[in-house]
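If you read the sequence shown in my numbering, its first letter stands for residue 89, the second for the next number, and so on.
Even for Gly, the Cβ is constructed at its ideal location relative to N, Cα and C.
Computed from a prediction, not measured in an experiment: that's the story for all the values here.
See structure below.
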Amino acid sequence: MTQETVTLSDAAARRIATILRSDGHKNAMRVSVEGGGCSGFSYKFDLVDDANDDDLVLEKDNAKVLIDSLSLVYMGGSEIDFIDNLLGQSFQIKNPNAVASCGCGTSFSM
């Protein structure tokens, strides 16, 4: 597993900035990895107020994303993207460490 950083696509940054503006009370989106999901691990997205000491902080175009150090072990080298097409809208993580993922794009295995 790689310890590279995580990147944020322009589409994801625009969507996160819109979400944070509309909420008004939270100033960042936390992305984390949890055990579970149909492929072994799943991504979790939460709106939060503050960063923790061990967080990676990504900032782009008024969007702020926090990733804790444990989740970063699983997400290093990934890109957080936002997809808006005929099938719907969703955040997707393009993770080079994942050896398999589910059809919904929210869980993966290593």
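Coil, strand or helix - residue i by DSSP
{"i": "S130", "result": "strand"}
{"i": "V94", "result": "coil"}
{"i": "D111", "result": "helix"}
Proximity test, residue i beta-carbon vs the ligand MN heavy atom, cut-off 6 Å
{"i": "D111", "result": "The ligand content of the structure shown is nil, which means the ligand MN is not present either."}
C-alpha distance - residue i paired with residue j, whole-angstrom precision
{"i": "S99", "j": "L135", "result": "In the sequence on display, residue 99 carries Ala and not Ser. Near 18 Å, if we compare the C-alpha coordinates of L135 and A99."}
{"i": "N115", "j": "N150", "result": "10 Å"}
{"i": "N183", "j": "K148", "result": "19 Å"}
{"i": "C192", "j": "L174", "result": "Bear in mind that the predicted position of C192 carries a pLDDT of just 48, short of 50, making it too unreliable to give a figure here."}
{"i": "F196", "j": "E122", "result": "Summary for F196: the model assigns pLDDT 49, below 50, so the residue's position carries little reliability, and this model does not support an answer."}
{"i": "V187", "j": "L108", "result": "32 Å"}
{"i": "V153", "j": "S178", "result": "16 Å"}
Selected residue, minimal CA-CA separation from residue i, among the options
{"i": "I171", "options": "D111, R102, I155", "result": "R102"}
{"i": "V94", "options": "M163, I104, M117", "result": "M163"}
{"i": "D143", "options": "S120, T106, G165", "result": "S120"}
{"i": "K132", "options": "N185, G176, I168", "result": "I168"}
Test item: CB-CB of residue i and residue j under 7 Å
{"i": "S166", "j": "I181", "result": "yes"}
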